[in-house]
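Position one of the sequence shown corresponds to residue 1 (full-length UniProt numbering), numbered consecutively onward. Remarks on the structure that follows.
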Amino acid sequence: MVTPSIAGDREKVVSKLPSWLRQDLKVRAAELGIDIQDAVSAGISAWRASSEDRSPVDTAGSSSFSTWLPPGQWEDLKTTCTERDGMPFVQGLAQSVQTWLSANPSPRHRPVTGIVQRKVVINQKGGVGKTAVAAGVAQALAEDGMRVLLVDYDPRATSAISSVSSNSRREPTASCCTCAAKARDS
1 MVTPSIAGDR
11 EKVVSKLPSW
21 LRQDLKVRAA
31 ELGIDIQDAV
41 SAGISAWRAS
51 SEDRSPVDTA
61 GSSSFSTWLP
71 PGQWEDLKTT
81 CTERDGMPFV
91 QGLAQSVQTW
101 LSANPSPRHR
111 PVTGIVQRKV
121 VINQKGGVGK
131 TAVAAGVAQA
141 LAEDGMRVLL
151 VDYDPRATSA
161 ISSVSSNSRR
171 EPTASCCTCA
181 AKARDS
């Protein structure tokens, strides 16, 4: 649905977007100090100009979304959707927003390259969940595409009963695992 504005410089467009995509759009636009309507408009222009085949965006459960676009841009989007094998307009809008999000990364997430980072979880008391917390942090970092090496070291060997030596002295133990995850497609 398209409703022209009184000033005539924009027209209100009502369509649908998945809530997760709408939230990403709002947050990213706020981070970059850009109006949502300008972000959507730029995304539509970039998507229409691109000839590459984009993977479909999951639009199941989409809810109402409205924005203001320059006159005729919504009709141009609909025409492009029709030319691209009759793609649903909601899919075209979702891919346009995804195109803008991909082209405008978050300023908060700048991966540090070339510098080794160490995250250390320490607490001298036993049984407080150090290993569980360290494993959770390692998994989160791995899911963000970072290479992770998790070393679990128990200097007191309180949890390693099997490592008791013949002189009944407990030896420090270490277990090591590497977490690897493919970076999320953004």
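All residues carry an ideal CB built from backbone N, CA and C; glycine is no exception.
Measure the C-alpha to C-alpha separation of residue i and residue j and round it to an integer number of angstroms.
i      : j      : result
Leu141 : Pro105 : 18 Å
Gln95  : Asp152 : 43 Å
Trp20  : Ile36  : 15 Å
Ser163 : Ala138 : Because Ser163 carries a pLDDT of 44, less than 50, the predicted location of this residue cannot be relied on, and the following value inherits that uncertainty. Ser163 and Ala138: Cα-Cα distance of roughly 26 Å.
Lys119 : Gly127 : 20 Å
Ser66  : Gly72  : 16 Å
Asp58  : Trp74  : 21 Å
Met87  : Met146 : 36 Å
Gln23  : Arg54  : 21 Å
Pro70  : Ile34  : 16 Å
Glu52  : Lys130 : 47 Å
Ala103 : Ser50  : 12 Å
Asp85  : Ser63  : 24 Å
Could you tell me if residue i is buried or exposed, where buried requires 16 or more neighbouring beta carbons within 10 angstroms of its beta carbon?
i      : result
Gly43  : buried
Thr82  : exposed
Gly92  : buried
Pro56  : exposed
Leu101 : buried
Thr79  : exposed
Arg48  : buried
Leu77  : buried
Val13  : buried
Is the beta carbon of residue i less than 8 Å from the beta carbon of residue j?
i      : j      : result
Arg28  : Trp68  : no
Ala46  : Thr99  : yes
Ala135 : Leu150 : yes
Using DSSP with H/G/I as helix, E/B as strand and the rest coil, what is residue i?
i           : result
Thr67       : strand
Val97       : helix
Glu31       : helix
Val148      : strand
Glu83       : helix
Lys78       : helix
Ser162      : Summary for Ser162: the model assigns pLDDT 47, below 50, so the residue's position carries little reliability; its value from the coordinates is reported in the next sentence. Reduced to three states, the DSSP call for Ser162 is helix.
Glu52       : coil
residue 219 : Because the chain in this structure spans residues 1 to 186, residue 219 falls outside the shown range and cannot be described.
Val116      : coil
Asp62       : Sequence check: residue 62 is Ser here, not Asp. If DSSP states are grouped into helix, strand and coil, Ser62 belongs with coil.
Ser15       : strand
Quick one: is residue i near chain D, going by C-beta distance under 8 Å?
i      : result
Gln117 : This model lacks chain D altogether, as it is built from one protein chain only.
Could you check how far apart the C-beta atoms of residue i and residue j are, in whole angstroms? I think they sit under 8 Å.
i      : j      : result
Gly61  : Pro18  : 6 Å
Val97  : Leu25  : 5 Å
Ser41  : Val90  : With 8 Å as the limit, Ser41 and Val90 do not qualify as a contact, their Cβ atoms being about 17 Å apart.
Val133 : Val121 : 5 Å
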